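Sequence order for the protein chains is C and W. Note that numbering that gives the first Met the number 0 numbers the first sequence so that position 215 is 214, with each residue one more than the last. Note that numbering that gives the first Met the number 0 numbers the second sequence so that position 14 is 13, with each residue one more than the last. Every residue, glycine too, gets a C-beta built ideally from N, C-alpha and C. The model shown is predicted, which means the values in this text are computed figures rather than measured ones.
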Amino acid sequence: METKKTSLYQLHQDCNAKFVEFAGYQMPIQYSEGIVEEHRFTRNHSGIFDVSHMGQLFIYGGEDLIKDLERIFPLDLKNLKLNHSKYSFLMDKDAGIHDDLIITKTNEGFLIILNAACKDNDLKILRELLKEKYKMVLDENRSLIAIQGPKSSEILNDVINGVKDLNFMSGNWFTFENQKVYITRSGYTGEDGFEISIANDFVDKLTRELINKGSKLIGLGARDTLRLEAGLCLYGHDLDKNKTPVEANLKWAISKERISKGDFIGSDIIIKQLNDGVSKIRVGIKPEGRIIAREKTKIFNQSDVHIGEITSGTFGPSVNGPVAMGYVENEFSKKNTKVFLEVRGKKHPASICSLPFYKKSYVKGVN
Amino acid sequence: MSEVKYSKEHEWIKLDGDVATIGITKHATEMLGDIVFAELPEKGSNVEKDGTAGVVESTKAASDVYTPVSGEVVDTNQAIVDDPSKINQDPEDSAWFFKLKIKDPTEMDTLMNKDDYDKFAKETSA
Chain C
0 METKKTSLYQ LHQDCNAKFV EFAGYQMPIQ YSEGIVEEHR FTRNHSGIFD VSHMGQLFIY
60 GGEDLIKDLE RIFPLDLKNL KLNHSKYSFL MDKDAGIHDD LIITKTNEGF LIILNAACKD
120 NDLKILRELL KEKYKMVLDE NRSLIAIQGP KSSEILNDVI NGVKDLNFMS GNWFTFENQK
180 VYITRSGYTG EDGFEISIAN DFVDKLTREL INKGSKLIGL GARDTLRLEA GLCLYGHDLD
240 KNKTPVEANL KWAISKERIS KGDFIGSDII IKQLNDGVSK IRVGIKPEGR IIAREKTKIF
300 NQSDVHIGEI TSGTFGPSVN GPVAMGYVEN EFSKKNTKVF LEVRGKKHPA SICSLPFYKK
360 SYVKGVN
Chain W
0 MSEVKYSKEH EWIKLDGDVA TIGITKHATE MLGDIVFAEL PEKGSNVEKD GTAGVVESTK
60 AASDVYTPVS GEVVDTNQAI VDDPSKINQD PEDSAWFFKL KIKDPTEMDT LMNKDDYDKF
120 AKETSA
C-alpha cells in the first residue's frame, strides 16, 4: 500500500523535515533543529504539529445519538455542554481498549478525534454498533493541526480572532479565509494550546501564517517526549486491547453517573475492577541517573522478581533526565517504591513516581 | 601523531604512540540526532576489534558503539557521560569516547582514510 501524504507535506519538505512512515502516512519525525530543541521551543514558545493523519469522525444526530453513544462510551454525554470535549475510550466487552479518543459535542452531533492507526477499525466497530442509524463521516477532506505552548494563544488569536477566549477542553467554529474551522483548546503536550480542524486546501496557508507569527513546526519525535513528560498515554504502547481504563489508571475519565447505571460496553469489568482492584496498574517510573529504559524493559522488585514492563520510555528534555511509564503489579505501584529496570542485561535502580513528570500549564477558565 | 582513520561503524580513531583515541564521527551524530545518554567501557577492560565498547542513545533509540581496534581501555571521557549533548557539539575532538592501549597496530591498516570515509558515509546515507 502506498503511503499517504498530508496536505502539509510540501511545507514539511520546505522546513527540511526528516520523514518516517507512521500509520500509513509519511510524517515528519523532526526538522533541522532536532527533537530536544523542538521540545524546548514548544515548552517555551509555540510549536505546530501536523496531526492530519488522525481520524476526524463526524457523527450526525440528536437525542437518540446521545443515548446510543452512551452505551458505547463511559461518558455522561447527555449533560455534556455544547462544544465541550471529553477524553474517552472505545472498549470491547472486556473493557480492553480499542482506541483512546477525544469526543466533542457539536451543534450537529459529535466530533471524535481518533488515533491514525486505529481510525479505520474504530469506524468499522462504530458502524456495527450504530447500524445505519446515523450519518458518519471519517473526514479525509479536513486536516488537523495542533498549536501548543505558552505563546500559542496569542499567535493563533492574531490569525483567528476570539480563540483566546476558549476554555480548556472546549471548542467552537471560527472562520479563516471564509472557511469554517473548528478549534478546541486541547492538546497532547502538557501545555496550553489548540487543535484546529480545517479544510485540506487551506491548512498550508494557515500554518505558514502561524509560522510567520513566530510558531515553528515540531515533529512527532518531540511530540512523543512532550506527551510522555506530561504523563499522557500513547495508544499501541501504554494502551491496547489487553489493558482496561482502570488498569491504565484513567478511571478519572469514566463518568461516575454512568458507572452507577453500568450500561455501557465493558461496564461489567470496569465496575468489578473499581470494586475489587486490579492486579496490574500503569505508573510513572523515574530511573536513577541517566539510564534510559525504553518500551518492553522488564521491571523487577527488590527481591529480583519480575513485576512488570515499561510501555514508554525516553529522555525528557524539560526534566533533563530519563522518564518512563509502565505497568507493575498493584502491590508495587505506590509512589517511591524502589524497583529495578533491566537494560542491556544489567539491573538499574528506579522508583515509582506520580505523573506527570512535567507540571502542566493548561489555561483552565479564561471566562 | 598519525592521521585520523575511520571505521564502517562511523567511529574515528587517532593513534599517538601506542595509545588510540576513539570517538564517533560527525556524520554518525547527524544520523543519531540529539544524544542524551552515553555509556563507556570500563577502564582496565579489554575490548576486541569490532566488538561493542559503549552505547549512545538519542531521544529516539539506542545504538552500540564499536571499537575499530583491539586493546586495553586506559582512559574514558567522563565529560560526555555527564553531558551527552557535548557529543553533538564537538564529536571529532573534545567529545572523544575512550582511549586504548592498542594490541596490534596492523589493525589500523584495515580502516579508511578521511576521503574514503566521506565517500562511504555519503553512499550509505543516500
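W:T58 CB to nearest chain C CB: under 8 angstroms?
The count along the second sequence starts at 1 and reaches residue 58 of chain W at position 59. Chain C, which has a Cβ nearer than 8 angstroms to the Cβ of W:T58, makes this yes.
Taking Cβ-Cβ distances shorter than 7 angstroms, what residues in chain W pair up with C:Q29?
Within the first sequence, residue 29 of chain C is the residue found at index 30, counting from 1. Correct list: G32.
Beta carbon proximity, C:Q12 to chain W, threshold 8 angstroms:
Working through the first sequence from its first residue, we reach residue 12 of chain C at position 13. No, because no Cβ of chain W sits closer than 8 angstroms to the Cβ of C:Q12.
Neighbour-count burial assignment, C:Q301, 16 or more Cβ in a 10 Å radius
Translated into the one-based positions of the first sequence, residue 301 of chain C becomes position 302. C:Q301 comes out exposed.
When burial is assigned at 16 or more other CB atoms within 10 Å of the CB, is C:T243 buried or exposed?
Within the first sequence, the letter at position 244 stands for residue 243 of chain C. Burial call: buried.
How long is the line joining the alpha carbons of C:Y86 and W:L39, rounded to whole angstroms?
To locate residue 86 of chain C, count along the first sequence from 1; it is residue 87. To locate residue 39 of chain W, count along the second sequence from 1; it is residue 40. Computed Cα separation, rounded: 44 angstroms.
Along chain C, in chain order, which residues have C-beta atoms closer than 8 angstroms to that of W:F36?
Taking the second sequence and counting its residues from 1, the one referred to as residue 36 of chain W is at position 37. Ordered by position in chain C, the residues that pass the 8 angstroms Cβ test against W:F36 are R289, I290, I291, F314 and P321.
When you compare the CB of C:P348 with every CB in chain W, is at least one pair closer than 8 angstroms?
As a first step, residue 348 of chain C must be located in the first sequence, where it is residue number 349. No, C:P348 does not count as interfacial toward chain W.
Output needed for C:T41: all residues of its chain with C-beta closer than 8 angstroms, excluding positions within five of it in sequence on either side, in chain order.
As a working note, residue 41 of chain C is residue 42 in the first sequence. Same-chain partners within the cutoff: Q147, G148, T188, E190, I217, A221 and L225.
Pull out every residue of the stretch 27 to 53 of chain C whose Cβ sits closer than 9 angstroms to any Cβ of chain W, in chain order.
I28, Q29, G33, I34, V35, E36 and H38
C:E37 to C:H11, Cα distance in whole Å?
In the first sequence, the residue the question calls residue 37 of chain C occupies position 38. In the first sequence, the residue the question calls residue 11 of chain C occupies position 12. If you take the alpha carbons of C:E37 and C:H11, they lie about 14 angstroms apart.
At least 3 beta-carbon pairs within less than 8 angstroms: the stretch 270 to 277 of chain C vs the stretch 123 to 134 of chain C:
no
Mind checking W:I12: buried by the 16 CB within 10 Å criterion, or exposed?
For the purposes of this step, residue 12 of chain W is taken as residue 13 along the second sequence, with counting starting at 1. With 16 or more other Cβ atoms within 10 Å, it is buried.
Taking 8 angstroms as the CB-CB cut-off, is C:G220 touching chain D?
This model lacks chain D altogether; the protein chains it does include are C and W.
What three-state label does DSSP hand C:V277 in the structure shown?
For this step, residue 277 of chain C is matched to residue 278 along the first sequence. DSSP places C:V277 in coil when its eight states are reduced to three.
Can you give me, in chain order, the residues of the stretch 330 to 355 of chain C that have a beta carbon less than 9 angstroms from any beta carbon in chain W?
V342 and R343
What in chain W is Cβ-close to C:T367, meaning under 9 angstroms?
This structure does not reach residue 367 of chain C, given that chain C is present from 0 up to 366, and the question cannot be answered.
Take W:T28 as the anchor and find which of W:E56, W:D114 and W:E47 has the nearest alpha-carbon.
Along the second sequence, one-based indexing puts residue 28 of chain W at 29. Closest by alpha carbon: W:E56.
The beta strand (DSSP E) spanning W:D63 covers which residue range?
What you label residue 63 of chain W is simply residue 64 of the second sequence in a count that begins at 1. Counting along the chain, the beta strand (DSSP E) containing W:D63 begins and ends at A61 to Y65.
Take the Cβ of W:N76 as the centre, count every other Cβ of all protein chains shown within 10 Å, and call the residue buried at 16 or more, exposed below.
Indexing the second sequence from 1 puts residue 76 of chain W at position 77. When all chains shown are included, W:N76 counts as buried.
Please state the DSSP three-state secondary structure of C:Q29.
As a first step, residue 29 of chain C must be located in the first sequence, where it is residue number 30. Note: C:Q29 maps to strand in three-state DSSP.
Is the separation between the beta-carbon of C:D121 and that of C:G265 shorter than 8 angstroms?
Numbered from 1 along the first sequence, position 122 holds the residue referred to as residue 121 of chain C. Numbered from 1 along the first sequence, position 266 holds the residue referred to as residue 265 of chain C. For C:D121 and C:G265, no; Cβs fall outside 8 angstroms.
Quick one, are the C-beta atoms of W:F96 and C:F314 less than 8 angstroms apart?
Translated into the one-based positions of the second sequence, residue 96 of chain W becomes position 97. Translated into the one-based positions of the first sequence, residue 314 of chain C becomes position 315. No, these two residues do not count as a Cβ contact at 8 angstroms.
Members of the stretch 220 to 254 of chain C near chain W, C-beta cut-off 7 angstroms
G220 and T224
So which residues on chain C does W:V54 lean against when the C-beta distance must stay under 8 angstroms?
The count along the second sequence starts at 1 and reaches residue 54 of chain W at position 55. Near W:V54 (Cβ distances below 8 angstroms), the residues of chain C are R343.
C:I47 to C:L81 span [Cα, whole Å]:
On the first sequence, position 48 is the one that residue 47 of chain C refers to. On the first sequence, position 82 is the one that residue 81 of chain C refers to. C-alpha separation (whole angstroms): 26 angstroms.
Name the two residues that bound the continuous beta strand (DSSP E) containing C:N171.
Sequence index remark: in the first sequence, residue 171 of chain C carries index 172 (1-based). Run containing C:N171: G170 to F175, per the beta strand (DSSP E) assignment.
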